[in-house]
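These notes are about the structure you will find just below.
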Amino acid sequence: MDDREAGDPRARFAAALTRLRRRLPDVSDETLARRASAVELPSGRRVAVNARRLGEWASGQSVPRRFEAVMALVQAVERAAGGASADQPTVAHWQRLWRAARDYRSSPDPDPGRQPQPQPQPQPQIVIGRPPSDAAALRRRDGLAESIDAGMRDASVRQILLTGAGGVGKSQLASAAFHRAKQRAEVLLWVPAGDRLSVLGSYARAWRALSGARIAGEVPAPGTDPGGDDETQADLFLAWLRSTATSWLVVLDDIDDPGEVAGLWPAGDAGRTVLTTRRRDATLLRPGVRVIAVGVFTADEAIAYLADRLLLDLGPAAGHHGPRRTGARIWRPLRQPSAIFHSPFPRRPPSSSTPA
9 MDDREAGDPR ARFAAALTRL RRRLPDVSDE TLARRASAVE LPSGRRVAVN ARRLGEWASG
69 QSVPRRFEAV MALVQAVERA AGGASADQPT VAHWQRLWRA ARDYRSSPDP DPGRQPQPQP
129 QPQPQIVIGR PPSDAAALRR RDGLAESIDA GMRDASVRQI LLTGAGGVGK SQLASAAFHR
189 AKQRAEVLLW VPAGDRLSVL GSYARAWRAL SGARIAGEVP APGTDPGGDD ETQADLFLAW
249 LRSTATSWLV VLDDIDDPGE VAGLWPAGDA GRTVLTTRRR DATLLRPGVR VIAVGVFTAD
309 EAIAYLADRL LLDLGPAAGH HGPRRTGARI WRPLRQPSAI FHSPFPRRPP SSSTPA
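Given below as structure tokens:
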């Protein structure tokens with residue numbers, strides 16, 4: 009516990025929420041908020057949990073108005089993580105943390121004549137862009153995720169290139185890495201990189217957000233021209249990446265033509281870039297790039313994926329032997345998610361009278 013946690017109940021509450029949130033690093037705030045909103049509390053009620061609020065609570069910017077929201081979040085995490093951890097606070101402890109944080113926020117100064125001491129303010133995190141939402145029946149691919157994280161930790165790696173055929177899950181892996189990076193990066197940008205205009209527009213949007221924000225003590229100079237068009241603002245953003253000490257992550261998703269991104273590659277000692285593409289052009293294979301090949305599902309992964317989809321789409325109709333066995337019987341050669349929708353198996357099993 010640092011000094012700020014010791015003296016500020018809001019910081020203690022935020023730290024407890026952060027530890028809870030880290031139990032599901034691959035789950036987006038949007039997904040976690042939906043799961044928490046679906047939790048039925050002992051009273052039989054449900055509470056709405058907003059994804060944006062999750063980040064504010066964990067950073068100490070605000071405190072939930074109602075304790076029911078805290079309990080819904082705790083239960084959603086415990087269910088997804090397979091139960092409470094050994095050091096998980098009890099319900100009573102969560103309530104004490106929450107109440108102390110709420111009361112501290114509204115407590116009057118006992119000595120009106122005393123000059124208030126400035127409280128350390130949490131550094132704002134800037135997150136720009138929308139990664140894809142979790143796919144139905146999403147499969148965890150721990151080996152690939154660990155390879156991405158290892159690249160993030162390696163000081164010699166500046167860019168991580170996820171390459172593979174369409175539909176194998178490159179964007180989902182990049183999205184999970186993007187959400188995990190929220191624990192350490194201060195500026196995160198997700199860029200749809202299908203064409204140059206999209207990249208320029210995303211960079212310009214990032215610069216407009218940065219030009220009015222205080223990031224790790226960096227304050228834009230008064231009167232700084234934010235740039236009048238996307239190209240100018242994109243240049244300013246790239247220059248900021250090269251010079252800043254603020255940690256950042258930029259994801260360029262689905263690069264169709266590397267030539268479209270010429271001159272727009274992010275660079276800087278404080279950050280990392282993740283690229284997803286079907287291509288393996290020489291222009292992508294530069295020093296400091298770690299290539300991670302994303303292949304098709306293994307047989308077990310494919311069967312598990314199909315079983316989960318059958319369970320989601322058909323429920324009990326997936327088969328009396330269980331969805332996994334039914335999935336294996338229907339489509340054992342499944343190799344990738346998109347193959348399900350293009351495969352030739354019939355919508356209904358053939359009748360027993362059909363000739364072999």
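Its first residue numbered 9, the sequence shown is counted upward by one per residue in my numbering.
Backbone N, C-alpha and C fix where the C-beta goes; we use that ideal spot for every residue, glycine too.
In this text, all values refer to a predicted model and were calculated from it rather than measured experimentally.
Span separating the alpha-carbon of residue i from that of residue j
i    : j    : result
T98  : S251 : 45 Å
S183 : A77  : 26 Å
L283 : L32  : 23 Å
R73  : R110 : 8 Å
S4   : W106 : Because the chain in this structure spans residues 9 to 364, residue 4 falls outside the shown range and cannot be described.
T281 : A100 : 43 Å
P126 : G68  : Unreliable placement is indicated for P126, whose pLDDT of 47 sits below 50; the coordinate value is still reported in the next sentence. Taking the straight line from one Cα to the other gives about 15 Å.
P274 : D162 : 17 Å
I263 : T285 : 5 Å
A23  : Q191 : 12 Å
L28  : S179 : 26 Å
A247 : D277 : 12 Å
V304 : G174 : 10 Å
A89  : V82  : 11 Å
M79  : L49  : 8 Å
V269 : D289 : 13 Å
E86  : R54  : 17 Å
P266 : D157 : 24 Å
P295 : R30  : 32 Å
Q396 : G52  : Examination of residue 396 is not possible in this model, given that the chain is present from 9 through 364 alone.
G159 : D150 : 14 Å
E38  : R287 : 30 Å
Integer Cβ distance of residue i from residue j, believed to fall under 8 Å
i    : j    : result
A209 : D238 : The question names Ala, yet the displayed sequence has Gly at residue 209. That belief holds up - the Cβ atoms of G209 and D238 are roughly 6 Å apart, short of 8 Å.
Q241 : A212 : 4 Å
L260 : A201 : 4 Å
T291 : E194 : Not a contact, Cβ separation roughly 29 Å.
R188 : D34  : 7 Å
6 Å Cβ shell around residue i - same chain, five flanking residues per side excluded
i    : result
G220 : none
L152 : L181
G297 : Note that residue 297 corresponds to Val in the displayed sequence, not to Gly. Only Q167, L169 meet the Cβ criterion.
L25  : W65, A66
L197 : I136, G137, A214, V258
F245 : Y211, A214, W215
A84  : R43, A44, V47
V299 : L169
First through last residue of the beta strand (DSSP E) which encompasses residue i
i    : result
P200 : 195–200
R280 : 279–285
R294 : Careful: R294 lies outside any beta strand (DSSP E) and carries neither H nor E.
T379 : Lying before the first or after the last residue shown, residue 379 is absent from the chain, which here runs from 9 to 364.
L169 : 167–171
Delimiting residues of the alpha helix (DSSP H) encompassing residue i
i    : result
W256 : No alpha helix (DSSP H) contains W256, which is instead part of the beta strand (DSSP E) from 256–263.
V135 : Per DSSP, V135 belongs to no alpha helix (DSSP H); it is in the beta strand (DSSP E), 134–136.
L246 : 238–251
Q180 : 178–188
A214 : 204–219
R87  : 75–89
L62  : 59–67
E38  : 37–46
Residues near residue i in its chain [Cβ-Cβ closer than 7 Å; skip 5 each side]
i    : result
Q103 : F75
A41  : V57, N58, A59, L62
A301 : T171, G172
L249 : W256, P274, A275, G276, G279
Beta-carbon contacts of residue i that lie in its chain and below 8 Å, excluding the five residues immediately before and after
i    : result
A108 : P17, R20, F21
Y112 : D16, P17, R18
S164 : G296
S70  : R61, E64
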